[in-house]
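Let me begin by presenting the structure, written as structure tokens, before commenting on it.
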Amino acid sequence: MDTVVCSYDPNDKKKKVEPTGDFYKDYSLIKDPLQYTIRFQNEGSYKAFDITIIDTLDQQLDPSTFELLASSHVVETTVTTDSGIVTFIFRNIDLPARSVDTLGSQGFVTFTVQPDSSLSGPVSIDNKASIYFDFNPPIVTNTAMWHVTDDLAIVNADEIHEDLSIYPNPTTGTLF
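Residue numbers in the sequence shown follow our numbering, run continuously in steps of one, and reach 836 at the last position.
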């Protein structure tokens, strides 16, 4: 009986987004780039020869501002600005299976991209990617959700008003 061996990535929801500037909860300013990290791990029974990640950026992100910050292995990156598709190709990565080398079976890419400068007001930005191990079907990451806005004070205004006290009331002089 033959044993089938292959690479595989269950990708336990490892795509994340972080602000690069001022933020409040899950909001940051439109003027600040967002930093994304896509992580992967070979959970299969054999090493992965090639890994491809395809990330279709949210339409509210400006693909022309894409900047690769780091990667775990040598990676070829292409950005198609008209469609917002970013492709990362790890050729001959030879990523071992986790059962052979837990630490060595992992990889990642980290990049920044700027929200479209024409955006206004609070806007939600969702992003996910597909990871291909060799010839296997894609593993789709979780959706990384974030919000951008012109002014963080507007976002937290409701919380500010909850704690607001004005006294004395009525008054004809100074208010505290």
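Backbone N, C-alpha and C fix where the C-beta goes; we use that ideal spot for every residue, glycine too.
What residues in its chain sit with their C-beta under 7 Å from that of Q720, if we drop five residues either side in the sequence? P775, D776, L779, V783, I785
Report task. Mark N787 as exposed unless 16 or more other C-beta atoms lie within 10 angstroms of its C-beta, in which case mark it buried. Result -> buried
- Query: What are the complete beta strand (DSSP E) segments, minimum 3 residues, inside the region 702 to 729?
  - Reply: Listed in chain order, the complete beta strand (DSSP E) runs (minimum 3 residues) inside the region 702 to 729 are 711 to 716.
Using a Cβ-Cβ cutoff of less than 7 Å, which residues in the same chain neighbour F726 once the five nearest sequence positions on both sides are dropped?
V739, V746, F771, V773
Check your understanding: What first and last residue would you give for the beta strand (DSSP E) that runs through S784?
Key -> Taken as a continuous stretch (DSSP letters only), the beta strand (DSSP E) holding S784 covers 783 to 787.
Checklist entry - DSSP on A813, reduced to helix/strand/coil? => result helix
Quiz prompt | Of the listed residues P828, N796, Y696, nearest to T803 (C-alpha basis) | solution = Y696
**Request:** Look at the Cβ atom of S731, then the Cβ atom of V769, and state whether they are nearer than 8 Å.
**Result:** Contact: yes.
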